[in-house]
Amino acid sequence: MRHTYWEIRGLGVEFVAVANEEPENHKETRERLDLPYMLLSDPDAEVARAYGAFHENEPRGRNIARPGMFLIDSAENGGKVLWEYVSPTTRHRPPPNRIIEELLTALGRKHQVVSVFVPTEAELERVIASFQDPPVGHYRTPGELKPGVGVEREFTQQNAMAAFSEVHRLAEEGWTLVTVTPEFSGQRMTGHRYVYQRTLD
Amino acid sequence: MEVQLSAIGAWLPGPSTFEDRESVLGKEAPDFQLRDQDGNNVTLRRLLRTGPLLMHHYRGNW
Chain A
1 MRHTYWEIRG LGVEFVAVAN EEPENHKETR ERLDLPYMLL SDPDAEVARA
51 YGAFHENEPR GRNIARPGMF LIDSAENGGK VLWEYVSPTT RHRPPPNRII
101 EELLTALGRK HQVVSVFVPT EAELERVIAS FQDPPVGHYR TPGELKPGVG
151 VEREFTQQNA MAAFSEVHRL AEEGWTLVTV TPEFSGQRMT GHRYVYQRTL
201 D
Chain B
1 MEVQLSAIGA WLPGPSTFED RESVLGKEAP DFQLRDQDGN NVTLRRLLRT
51 GPLLMHHYRG NW
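Protein chains in written order, with this note's numbering: chain A, 1 to 201; chain B, 1 to 62.
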């Protein structure tokens, strides 16, 4: 959810993740994975139970939380659950594009936001150098940039070029640039995140 | 936590509807107070003051 987080924030929605982990473990996870969002500790799965995201009688007798997502309206609007998704298995989760679509619908939004991360050259070289076999030419696209759909991409050399041209294409297609935010890993700037918005009809 | 299923048929749209759970859709979200990764207490009420919230419960280690 690390990249999708920025698109969610672009909708004016905050994102937090909750799990049965102690805060120290969450802190380590957050630092190790460079997560931009808050991790909350739900040690006895009390909150998971309250939201119906906990399954008592898993096979093999292990009680476990299922992945679940809940969109909750602001306090001003009454704090109601606008959308929920609870996984039928312990691992299934909606693809990021679909999450954004569901949020737009549930919030009754008229605008859509897309974010593109463009790495710095130094960061790109650093990432490629860290692979045994640099993935030049390998191209992974979990989502296609098309109307109504957000996109997140891992970057390789080829992708970095695509990210640059994507930023130009969004501008040419009439999306409004909302923010450009530098991103960091510790003290090191890794690139910029461009957030674009357009009105849905 | 980062497992994704890419096959189109694997995505089940809409709110989850298996019988053994009570849906919270449309209800006031149950309040909570939990600690964040720095040990600070965080309440749902406070999180909702600034806008809507997407909360992701994921599989922890048991």
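Beta carbons: idealized from backbone N, C-alpha and C, even for Gly.
- Here Gly191(A) is near Pro119(A), since their CB atoms are less than 7 Å apart.
- Between Asp42(A) and Ala50(A), the C-beta spacing is not below 7 Å.
- Here Ser74(A) carries a coil assignment [DSSP, helix/strand/coil].
- Considering only beta carbons, the part of the stretch 4–18 of chain A lying closer than 9 Å to chain B consists of Ile8, Leu11, Gly12, Val13, Glu14, Phe15, Val16, Ala17 and Val18, in chain order.
- By the CB criterion at 7 Å, Val195(A) and Gly10(A) fall inside the cutoff.
- Around the beta carbon of Asn20(A), 16 or more other beta carbons sit within 10 angstroms, so the residue counts as buried.
- A straight line joining the alpha-carbon of Ser165(A) with that of Gln33(B) spans about 45 Å.
- Proximity of Pro23(A) to chain B, defined by a Cβ-Cβ separation below 7 Å, is satisfied.
- Residue state for Ser185(A) is assigned as strand, using DSSP reduced to three classes.
- Judged by DSSP in its simplified three-state form, Phe117(A) adopts strand.
- In this structure, the straight-line span from the alpha carbon of Arg98(A) to that of Ser23(B) is close to 20 Å.
- Between the alpha carbons of Lys27(B) and Leu107(A) lies a distance of about 15 Å.
- Interface flag for Gln33(B) against chain A is unset, since no Cβ pair is found closer than 7 Å.
- Chain-order list of chain A residues neighbouring Thr50(B): Glu14 and Ser74, by C-beta distance under 8 Å.
- Taking a beta-carbon distance threshold of 7 Å, Glu101(A) does not count as an interface residue toward chain B.
- Interface criterion not met: the Cβ of Leu104(A) is under 7 Å from no Cβ in chain B.
- By the rule that beta-carbons nearer than 7 Å mark a contact, Tyr194(A) does not touch chain B.
- By the 16-neighbour rule on beta-carbons within 10 angstroms, Gly174(A) is exposed.
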